[in-house]
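Below is one structure, written out as structure tokens; the observations come after it.
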Amino acid sequence: MKYEIRYKPAFATVFLTLNPGDRLTAEAGAMASMAAPLSMQTEFSGGLIPGLLKKFLGGESLFVNVFTNETQQPLELVLTQSTVGDVGLIELQGNEICFQPGAYIAHTPGVQMGVQWAGFSSWFAGEGLFKLRLSGRGLVFFGAYGGLSQRRVNGDFTVDTGHLVAYEPGIQMNIRLASGLIGSVTSGEGLVNRLTGQGTVYLQSRSTDGLVRFLRSKLR
Amino acid sequence: MKVDILHQPESAIAKIDMAPQEELTAEAGAMVSMSGHMNVNTTLRKGKGGGVFGGLKRMLAGESLFLSVFRSGEQPAEIYLAPKLMGDILPYQIDQHELVIQSTGYLASTPGVDLDLGFQGLKSVFSGESIFWLTASGSGLVLLSAFGGIYEIKVDGEYIVDTGHIVAFEKTLSFSITKAGSSWVGAFLGGEGLVCRFQGQGRLFCQTHNPGAFGRLIGSKLPPR
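So the sequence lines, in the order shown, correspond to chains A and B.
Numbering follows numbering that gives the first Met the number 0, with no gaps: position 82 of the first sequence is 81.
Numbering follows numbering that gives the first Met the number 0, with no gaps: position 6 of the second sequence is 5.
Structure, rendered in structure tokens:
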């Protein structure tokens, strides 16, 4: 399989070439275009029960599409995300990564999809009881609204909830008010996410919540 | 007439230098700035006939396009045109092939290009989405706009595109509306819904992002009007 992420960073889009026998699993709706002989099958993401957990308690879609090249020639596939922004790539080598709702785009065989308990504080922040967890060996594509920043957390780090895209499971999340009740309301920071532990996090430079708040104030 | 596309790809804007006595047609509202002596007329282009019911149906579907016609007059003139969404602009030279354009993909065209609204072959299936299609023929330049980047596929054989990602395609391509996978259940549950399957030989222009998908993502969080 060959891949290239073009139109970075504003309109990052994944252009893939699947060789004969190659398989790729992608988020429902991620396919923009593809060569017609490529076969596409819809499956429950990670099986029925994890799929249901993800759908109803994690804010992810219940289904994924599996693309398989059953022909004898290389075939093209183009995958994208619904927001504008950058696309990142993680090569898993036995480690794991958790995604916030909406960030996952696709993964290669060898990677398993599962769910990770995210805690009640995540539930209260409207981000689901469970997070999508990918483990195993292979490539994982994920998207962000805006640019992507990678940061190593060692100990204690605070992020705005809407800007977190992905994190390693060694990190615990504690959602809380940014600076006391009055301060949080007046500063506009609202809820923040205090991360503790060891691992890498990925942040997006814009948040869809921010866009929604902006547009909401313009509607009348 | 000289066309330059600036600030590609995310904030593309077309800068057009017109000689005296030249004319340019553009989507109404696309004008950003222009020379003071430019003469402007706005017209409403409606889809072609089809009897009383055809006319009614088009009225209900809102299938009409406001176009502005810019004329330079006695002196050279300059105009800047931009689409509403973030994205790229692509100039396409029409000669022998007709081009089918998704209505929001049309930005502007030169006078030798004839625009025909209400290309019937595609629209009825996109229920719930207010997109319609226009056919450009004749000879001249068309400026296409997209949400995101524009990538070209030289179709030779068969190619599948999610309906929200089509910008324009040459009419030498035949197409059918179909499901992407092998089962109808999967087509709807899998989020791809209906796709367009192109056949034959010709150029196809796709946009990297789907305005409908972005609109639904943000729109679902906004209070109802």
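For each residue, glycine too, the CB sits at the ideal point set by N, CA and C.
For residue 103(B) and residue 148(B), the rounded distance between their alpha carbons: 14 Å
Chain A contact for residue 213(B) (CB, 8 Å cutoff): At least one chain A Cβ lies under 8 Å of residue 213(B).
Close Cβ partners of residue 7(A) (< 8 Å) along its chain, the five nearest in sequence each way excluded: Only 85, 86 meet the Cβ criterion.
Helix, strand or coil at residue 156(A) [DSSP, three-state]: strand
Cross-strand partners of residue 199(A) (DSSP beta bridge): 151(A)
Under 8 Å between C-beta atoms of residue 81(B) and residue 29(B): yes
Classification of residue 146(B) by the beta-carbon crowding that lies within 10 angstroms, buried from 16 upward: Residue 146(B) sits buried, since 16 or more C-beta atoms from the chains shown fall within 10 Å of its C-beta.
Within chain A, the residues that residue 8(B) reaches when beta carbons sit closer than 8 Å: Neighbours of residue 8(B) on chain A, chain order: 6, 9, 10.
Close beta carbons around residue 196(A), own chain, < 6 Å, minus the five adjacent residues each side: 169, 170, 171
Beta carbon proximity, residue 210(A) to chain B, threshold 8 Å: Answer yes: the Cβ-Cβ gap between residue 210(A) and chain B drops below 8 Å somewhere.
Residue 28(A) versus residue 206(B): straight-line alpha-carbon distance, rounded: 15 Å
Spatially closest choice to residue 135(A) from 42(A), 212(A), 106(A), by CA coordinates: Minimum Cα distance to residue 135(A) is reached at 106(A).
Residue of 158(A), 144(A), 5(A) minimising C-alpha distance to residue 206(A): 144(A)
Within 7 Å of chain B by C-beta, residues of the stretch 55-86 of chain A in sequence order: So the list reads 60, 62, 64, 79, 81, 82, 83, given in the order they occur along the chain.
Any chain A beta carbon closer than 8 Å to residue 221(B): yes
Beta-carbon neighbours of residue 161(B), restricted to chain A and to distances below 7 Å: 30, 31, 32
Reduced DSSP secondary structure (H/G/I, E/B, other) of residue 103(B): helix
Residue 73(B) and residue 34(B) closer than 8 Å at C-beta: no
Distance, residue 10(A) Cα to residue 20(B) Cα: In a straight line, the C-alpha of residue 20(B) is about 39 Å away from that of residue 10(A).
Closest residue to residue 132(A) among 212(A), 33(A), 102(A) (Cα-Cα distance): 102(A)
Cβ-based burial, residue 3(B) [other Cβ within 10 Å; buried from 16]: exposed
Spatial neighbours of residue 93(A) in its chain, beta-carbon cut-off 7 Å, leaving aside the 5 residues before and after: Same-chain partners within the cutoff: 136.
Which residues DSSP lists as bridging residue 22(A), in chain order: 67(A)
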